[in-house]
Amino acid sequence: MPTFEPVARFLAEFHRLSPAQRAAFLRAVALFREGLTSGSFHPMRVKGFKSEPGCSR
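Residue numbers for the sequence shown follow the numbering used here, beginning at 1118 and rising by one.
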């Protein structure tokens, strides 16, 4: 299972989400993790984003 270390910017933005948005994000993470273990990913809609410094498309 992959591991990660959340960065301060992620944590700050996560805490600014509404409770409903946080719950939706955590559901999406659970579905993604389930797909990693089963090899069958649940279809998810992903909104595009503009490049940020340090991120590439």
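Ideal Cβ placement from N, Cα and C applies to all residues, glycine included.
All figures in this text were calculated on a predicted structure; none of them were measured in a lab.
For S1155, the uninterrupted alpha helix (DSSP H) segment begins and ends at 1136-1155. L1128 and G1152 have their C-alpha atoms some 24 Å from each other. Selection E1122, G1171, M1161 evaluated against F1142 yields M1161 as nearest (Cα-Cα). Taking the Cα positions, F1158 is about 13 Å away from R1144. For the 8 Å CB-CB criterion, R1139 and F1149 do not form a contact.
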